[in-house]
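Enquirer: I have a structure I would like to understand better, so I am pasting it below and will then ask my questions one at a time.
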Amino acid sequence: MLIADLLLSVNGLVGSSSPKNGNRRYPNKGYQQDEQPEIWYTLAMPFVRTMSEHWQKLTGMKIENTVILGKPSYENFSIAETQLLDTHRQLHGEDASTIDTIWMIGDDIDTDILGAKHQNINSMLCTWKSVLVTTGVYKNGMLNGRPMLYWPSFFSTGVWEAVQLALRQGHNHKWWQQAGGDWEEISGTRQNM
């Protein structure tokens, strides 16, 4: 793989091989200790996982100096959280009720669900919950053997149902009705307006 060649090189020069590779006198057994470039991932997590597994088999070490952009990176979810909260304040004023929960609705456990779970752990501003839509990327059995960090707060068979679920979980449904929403909760059942 080209990426592995870069990481084994001297200063990122493809075709070269760092004499530090495998040398226990250096951190990480010398791997990635010879000014090799950072690896920036902007792809889905399956590629990142495949690259990490390949590097582990090749060197016996974990890959270092990586940056993940987009989902499920902390930066991606943190920016989204800040934008949502700022937009809410701009639209409704400083005295508006606060958003205490943000819902991530998605079909990929490696990006959507994992990102929301990590953000929930790291956020000091609000709670993050996740809904896994089972009609897209997700296939039955994908969660088998996975740590709880990959498990969503809820499952849903479609986006509309996931949005309705998130809205029903809120404590105050009045804002939805005042904003032109087309449903209301009456004794636990949904009625179209």
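Here the sequence shown stands for residues -16 to -1, 1 to 177, where the numbers follow mature numbering (1 follows the signal peptide of the UniProt record, and there is no 0). Note that CB positions come from ideal geometry on N, CA and C, so glycine has one too. All figures in this text were calculated on a predicted structure; none of them were measured in a lab.
Would phenylalanine 139 and leucine 116 be called neighbours here (beta carbons separated by less than 8 Å)?
Expert: yes
Enquirer: Helix, strand or coil for lysine 113 per DSSP?
Expert: strand
Enquirer: Mark proline 3 as exposed unless 16 or more other C-beta atoms lie within 10 angstroms of its C-beta, in which case mark it buried.
Expert: So proline 3 counts as exposed.
Enquirer: Can you tell me whether threonine 50 is helix, strand or coil according to DSSP?
Expert: strand
Enquirer: Give the straight-line distance between the Cα atoms of alanine 100 and arginine 130, rounded to the nearest whole angstrom.
Expert: 16 Å
Enquirer: For the alpha helix (DSSP H) containing residue 188, list its first residue and its last residue.
Expert: Missing from the structure shown is residue 188; the chain here goes from -16 to 177 and no further.
Enquirer: So what does DSSP say about methionine 88, is it helix, strand or coil?
Expert: strand
Enquirer: Can you give me the start and stop residues for the alpha helix (DSSP H) that isoleucine 105 sits inside?
Expert: 98 to 106
Enquirer: Put valine 32 into one of helix, strand or coil per three-state DSSP.
Expert: In the structure shown, valine 32 sits in a helix (DSSP, three-state: H, G or I).
Enquirer: Are glutamine 20 and serine -8 touching if we call contact CB-CB under 8 Å?
Expert: yes
Enquirer: State the beta-bridge partners of residue 184 as determined by DSSP.
Expert: In the structure displayed, the chain extends from -16 to 177; residue 184 sits before or after that span and is not available.
Enquirer: Run the CB neighbour count on tryptophan 144, radius 10 Å, all protein chains shown included, and call it buried at 16 or more, exposed below.
Expert: Counting every other CB atom within 10 Å of its CB across the protein chains shown gives tryptophan 144 a total below 16, marking it as exposed.
Enquirer: Taking the alpha-carbon positions, what's the arginine 73 to alanine 80 distance?
Expert: Between arginine 73 and alanine 80, the C-alpha separation is close to 7 Å.
Enquirer: Apart from the five residues on each side of it in sequence, which residues of its chain come closer than 7 Å, Cβ to Cβ, to methionine 126?
Expert: Ile93
Enquirer: When you compare only the Cα positions, how much space is there between lysine 46 and asparagine 12?
Expert: 8 Å
Enquirer: Ignore the nearest five residues each way along the sequence and tell me which others in asparagine 7's own chain have a CB closer than 7 Å to its CB.
Expert: Lys13, Gly14
Enquirer: Where do the ends of the beta strand (DSSP E) carrying tryptophan 24 lie?
Expert: 23 to 25
Enquirer: Tell me whether asparagine 124 is buried or exposed, calling it buried when 16 or more other Cβ atoms sit within 10 Å of its Cβ.
Expert: exposed
Enquirer: Under 7 Å from any heavy atom of the ligand HEM, does the C-beta of threonine 85 make it?
Expert: In the structure on display, the ligand HEM does not appear, and there are no ligands present to speak of.
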